[in-house]
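Notes for the one structure printed next.
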Ligand SMILES: Nc1ncnc2c1ncn2[C@@H]1O[C@H](COP(=O)(O)OP(=O)(O)OP(=O)(O)O)[C@@H](O)[C@H]1O
Ligand SMILES: [Mg+2]
């Protein structure tokens, strides 16, 4: 009895950790067997190359590591987490709630390839992670859509206005604009469910957003 992989995806500061935690609590309260995982797995040595990349050891621009190499850094970290941490729970039928997943490579790394190469990039990524490495395909992906002005403000709040705490993706606004575009492409191409987190130019409340997500999940997965 295989489990389900549910992914909460979105750009930096879009509320993924917040929503993953609320959903985890809500599913647990309904006695659903659920695990919460997040990527990259910064607590694990398997994230070493991701940390080197994000701190600029290979160059200070995201493009200094190409879309294929950087995706592999994230992919092996995910493989390690699957093998060591949650693969058994998944095999036992648990719902695995993921803050980011393979889908983040389809946003942040695909943003580096030419537009005409996007389709082939998505095929390469799917083959690498789902077929060759063998991490499970997600059953449902929820994309938190937050305009960059709002997510940037939330991130600054979290970092107490200290811009130096941002990693090389987070401080690069033109790269993040490319990521927003590749996210829109992936959402359509890969059937992600887009949750619009802003209403009348205001961020909706955490509870309001999470109620919508919970409803979507229950419908989709018959929970
Ligand atoms: N709906 C909301 N209303 C108000 N504040 C929010 C909302 N959702 C999240 N926040 C706040 O915004 C900040 C960013 O949220 P969070 O850390 O969940 O985002 P994230 O997508 O995980 O970010 P990152 O990509 O950087 O890991 C946090 O300080 C969080 O408390
Ligand atoms: Mg987060």
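Numbering (our numbering), first residue to last: 40 to 262.
Ideal Cβ positions, reconstructed from N, Cα and C, are used throughout, including at glycine.
query                                                                                                                                                      : result
Hey, residue 98 and residue 104: beta-carbon distance below 8 Å or not?                                                                                    : yes
Rounded to whole angstroms, what is the Cα-Cα separation between residue 204 and residue 241?                                                              : 26 Å
For a minimum of 3 consecutive residues, which ranges assigned as the beta strand (DSSP E) are wholly contained in the region 215-260?                     : 232-235
Rounded to whole angstroms, what is the Cα-Cα separation between residue 133 and residue 124?                                                              : 13 Å
Could you check how far apart the C-beta atoms of residue 62 and residue 249 are, in whole angstroms? I think they sit under 8 Å.                          : 6 Å
Please report the distance separating the alpha-carbon of residue 131 from that of residue 42.                                                             : 7 Å
What does the Cβ neighbour count give for residue 182, buried or exposed, with the cut at 16 atoms within 10 Å?                                            : buried
Any idea what DSSP makes of residue 96, helix, strand or coil?                                                                                             : coil
Verify the contact flag: residue 57, CB atom, against every heavy atom of ligand 1, threshold strictly below 7 Å.                                          : yes
Could you have a look at residue 179 and say whether DSSP puts it in helix, strand or coil?                                                                : strand
Spatial neighbours of residue 85 within its chain, please: C-beta separation below 6 Å, excluding the five flanking residues on both sides.                : 116, 119
For residue 186 versus residue 234, is the C-beta distance shorter than 8 Å?                                                                               : no
Apart from the five residues just before and just after residue 255, which ones in its own chain have a Cβ nearer than 6 Å to its Cβ?                      : 232
What residues are listed by DSSP as bridge partners for residue 77?                                                                                        : 138
So, at 7 Å on beta carbons, what are the nonlocal neighbours of residue 260 in its own chain, with the 5 sequence-adjacent residues on each side left out? : 43, 178, 179
Is residue 239 buried or exposed, if buried means 16 or more other CB atoms sit within 10 Å of its CB?                                                     : exposed
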